[in-house]
Amino acid sequence: MSVLSGQNPVHLAAAAAGFIVASGVALVSGVPVAWATPHYFFLGWPLMCLVIYLLARAYPERPWRWTLSMMLGQVFSSIFFGGGAMVPVAMAYVTVLSIPQFFAGSLGAKAGLARQSDRVTSGSDVTHNTQDDSQDQA
């Protein structure tokens with residue numbers, strides 16, 4: 045079994061979020077691709093950045109992977125709603141448009157690593173205090 049197989053649901057969640065947000069914006073706006081409307085920039089970008097931040101905070105190791113999965117979801121949305129004729133353009137454009145998501149993922153990963161180190165630090169304090177208490181009682 046692969047080490048990364050446990051993270052397949054995270055990839056799926058990121059891709060699904062990218063597909064759902066891009067498709068929702070395209071449907072609401074009545075355009076074949078989500079980035080052809082201001083709704084993508086005012087609603088889609090912040091939502092996708094939030095999802096990436098939360099995923100990277102929960103799974104901080106190599107957070108760029110979640111953004112790549114989300115990019116794939118957006119490309120599939122453009123294929124689904126745009127008829128597939130714009131696949132190379134969609135891939136290039138979504139890559140550029142995903143730069144804020146890479147930053148959000150980086151921030152989320154830093155927050156997640158800080159949270160993990162706080163847990164380790166507070167856990168060792170508890171163990172240390174327990175040892176001191178047992179020595180005091182003896």
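Taking our numbering, the leading residue of the sequence shown gets 45, the next gets one more, and so forth.
By construction, the Cβ of each residue, glycine as well, lies at the ideal position given by its N, Cα and C atoms.
Note that the structure is a prediction, hence the values are computed from the model and not measured.
{"query": "Inter-residue Cα distance where the pair is R109 and G62", "result": "13 Å"}
{"query": "Segment limits, alpha helix (DSSP H) that includes M92", "result": "W89 to A102"}
{"query": "Candidates P132, G50, I64 and H55: closest to Q118 by CA position", "result": "I64"}
{"query": "Cut-off 6 Å between Cβ atoms - residues of its own chain near A153, not counting five sequence neighbours on either side", "result": "A100, P104 and P107"}
{"query": "M130 - DSSP class collapsed to helix/strand/coil", "result": "coil"}
{"query": "Bounding residues of the alpha helix (DSSP H) (the contiguous stretch that carries A61)", "result": "N52 to S73"}
{"query": "Distance CB(M114)-CB(V95) smaller than 9 Å", "result": "yes"}
{"query": "V164, DSSP secondary structure in three states", "result": "helix"}
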